[in-house]
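One structure is given here, and the rest of the page talks about it.
Chains as they are written, first to last, in this note's numbering: chain A, 347 to 699; chain B, 161 to 499.
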């Protein structure tokens, strides 16, 4: 393994020498961001290779308006709010789910656990905070389908599910054209297939390389990217062949399409991106928390002073935010990028010097 | 069907029911031959030397888990606090806060475990207390144990004696207790063969202090917050830096997989049968051999070095691929990630 690492490092160094300008590579996925820090990869890269942490942490890209809606729902006496762990500490107007100290807020590991909660507590309505990308959407779709099949009436979801590729396009199109290439997410690509990035390559001429999360895979992915940049080419490559096929997992995508349809929705930092958020289809509208509680669309909101949005677009590194490490720390986070274990700010704070 | 016997408020009321609970249920669990004199204070014959005194409370959920239970934990935790300070444990106290409605059978299982663990550790329980609180005022059972011990003649652990060049040892694999508890806790269930490392460590710490004396600079059991919290405390208190070698960290594959799945860093996860030792470089190999020959130290390893705090008191990890990153004190509650 160390031989492969050495080879990849040499390839990166060689390619970066050929390019006499900074190469900015965005890792789209939060798991990559953390893996890069945990393996200490940044300390091994040439000076002109800069890694940007992109909009790939589900908690981080979730708009402030959504956070405020779940906080509101969590305080209702007729509601049990089920959520993935990362969401617990994201601050909103009314504090965070953790700071509400309610025994009716439950951390679950799967949508199945959330559905079980509904069956165990027929006197309450279980609202599942359904966030995440193509990896967490199929389980939400399955939970809704199961609830329909089993006649579970006291279960619903607040969909904040998002699509990765339109966000990458929106980013290059409107927010940050300085991104030279994308290190594409491993898990999401298992579902999407590497071909899903072809539109990004064709429209923007930027290399897209799918990699796994081991140090050697990340370094080989970066080597591939740097070589493409040095050669002036742009294509989709996958060095995660064991898990990612060009076509991806059609069954999972079918499950998503059964329950969800794309709509316009707000992303933190990126604003409203057309067709990059998912909502439940009409046939499942009784499981849509917004409709169930007679709420309007989730309002798009920004948090004052917090630079998470610019961090997510790769416009600044976390330490350039005036709040970073001063008023915003993992112990008292202001923005979601400091909360989530996969957030860029949290990773910089935890693993950076 | 016969109703299961449960703890009632009257069990803590100072009357006949309480005397019954103490005399018939609690005291007999601590083994015959232990001279339990139910007076207000235990009177102990203490060996000469420096007295070490510690206390700890236990509120774990679930009460029973693979590899242990709250009772075993309550004995080992306090024994270990004495052990790392260089003490030979002499005696323990045991205080129980019981929630009304706790099944008597559950209490008995916990007491049996306490008795068994104390007997195996050769540390008697000499005094105690029992209170019962109304349903809802506690979560089944809370336990407090305090312990006294006498410091071994050769032991002199202190932050002040830690210096650059010293080696850092651990007696085995990381994070087993924390990952076991998390895997069994309600809502976070997944099928795994994980087991807590919960164990009394006084024998293991004792041999190091006895054999290497003042070469042993410091010891601490990395419980909550894992080795990340303990090493940061060492760095801060001793005004030194710590350099860890990722390749040397003993990891169990199953525990590592469980942690990766949830997005946890095993450096941050609790241990209950592990001890970190800071040992003078020239005696580090001897210390390693002593531990490896002990049943609780077979996977022991030298995992890092104390260095000068040039950039401040930091803990840094040299990764398997030769990269470097910081290791911070964790926030205090690990939350599983989304994907």
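Note that beta-carbon positions come from the ideal geometry of N, C-alpha and C, so glycine has one too.
For residue 688 of chain A, the closest alpha carbon among the candidates A:373, A:365 and A:377 is that of A:377. For the segment 557 to 602 of chain A, the continuous alpha helix (DSSP H) assignments of 4+ residues that do not extend past its boundaries occur at 561 to 577, in sequence order. Taking 8 angstroms as the CB threshold, residue 672 of chain A stays off the interface with chain B. At least 8 angstroms separates the CB of residue 261 of chain B from every CB of chain A.
Under a criterion of Cβ atoms nearer than 7 angstroms, the residues of chain A adjacent to residue 491 of chain B are, in order, 676 and 677. DSSP, reduced to helix, strand and coil, places residue 505 of chain A within a strand of the structure shown.
Per the Cβ contact rule, the segment 679 to 688 of chain A is in contact with the segment 404 to 412 of chain A (3 or more Cβ pairs under 8 angstroms). At a cut-off of 8 angstroms between beta carbons, residue 405 of chain B makes no contact with chain A. Collapsing the DSSP output to three states places residue 341 of chain B in a helix. Using a Cβ distance threshold of 8 angstroms, residue 516 of chain A and residue 616 of chain A count as a contacting pair.
About 7 angstroms separates the Cβ atoms of residue 329 of chain B and residue 461 of chain B, confirming a contact at the 8 angstroms cut-off. If you look at residue 334 of chain B, you'll find it isn't in any alpha helix (DSSP H); DSSP assigns it neither H nor E. Taking 7 angstroms as the upper bound on Cβ-Cβ separation, chain A lies near no residue of the segment 270 to 296 of chain B. A contact is defined here as three or more CB-CB pairs under 8 angstroms, and the segment 251 to 263 of chain B meets this definition with respect to the segment 274 to 287 of chain B. Excluding five sequence positions before and after residue 432 of chain A, the CB atoms of its chain that fall closer than 6 angstroms to its own CB belong to 405 and 686, given in chain order.
Here DSSP, grouped into helix, strand and coil, assigns residue 307 of chain B to strand. For the segment 358 to 389 of chain A, the set of positions with a beta-carbon nearer than 7 angstroms to some beta-carbon of chain B reads 383, 384, 385, 386, 387 and 389 in chain order.
With 16 or more neighbouring CB atoms inside 10 Å of its own CB, residue 392 of chain B falls in the buried class. At the C-beta level, residue 605 of chain A and residue 626 of chain A come within 8 angstroms of one another.
Interface with chain B (8 angstroms Cβ-Cβ cutoff): residue 351 of chain A is included. By the beta-carbon neighbour count (other beta carbons within 10 angstroms, threshold 16), residue 333 of chain B is buried. Shown here is that no member of the segment 585 to 608 of chain A has a Cβ falling below 7 angstroms from a Cβ of chain B.
Ranked by Cα distance from residue 491 of chain A, the options A:600, A:670 and A:644 are led by A:600.
In this structure, residue 414 of chain B keeps its C-beta atom at 8 angstroms or more from the C-beta atom of residue 364 of chain B.
Scanning its chain for C-beta atoms nearer than 6 angstroms, with the 5 sequence neighbours on each side dropped, one finds around residue 190 of chain B the residues 275 and 285, in chain order. For residue 481 of chain B, the neighbours in chain A by C-beta distance under 9 angstroms run, in chain order, 347, 348, 351, 355, 385, 386, 387, 390, 561, 562 and 565. Three or more Cβ pairs closer than 8 angstroms define a contact, and the segment 203 to 218 of chain B meets that threshold against the segment 235 to 242 of chain B. Taking C-alpha positions only, residue 290 of chain B is separated from residue 171 of chain B by approximately 9 angstroms. Distances from the alpha-carbon of residue 434 of chain A to those of A:413, A:509, A:694 and A:693 put A:413 closest. For the pair residue 527 of chain A and residue 364 of chain A, the CB atoms are not nearer than the 8 angstroms cut-off. Taking every protein chain shown into account, the CB of residue 614 of chain A has 16 or more other CB atoms within 10 angstroms, so this residue is buried. For residue 460 of chain A, no beta strand (DSSP E) run applies; the uninterrupted alpha helix (DSSP H) run containing it begins and ends at 457 to 466, by DSSP. For residue 485 of chain B, the chain A residues whose Cβ falls inside 7 angstroms of its Cβ are 383, 384, 386 and 697, in order along the chain. Within chain B, no residue has its beta carbon less than 8 angstroms from that of residue 450 of chain A; the closest one is some 13 angstroms off. Residue pairing from DSSP places residue 427 of chain A in a beta bridge opposite A:451 and A:473. Interface annotation, residue 488 of chain B: in contact with chain A, CB-CB separation under 8 angstroms.
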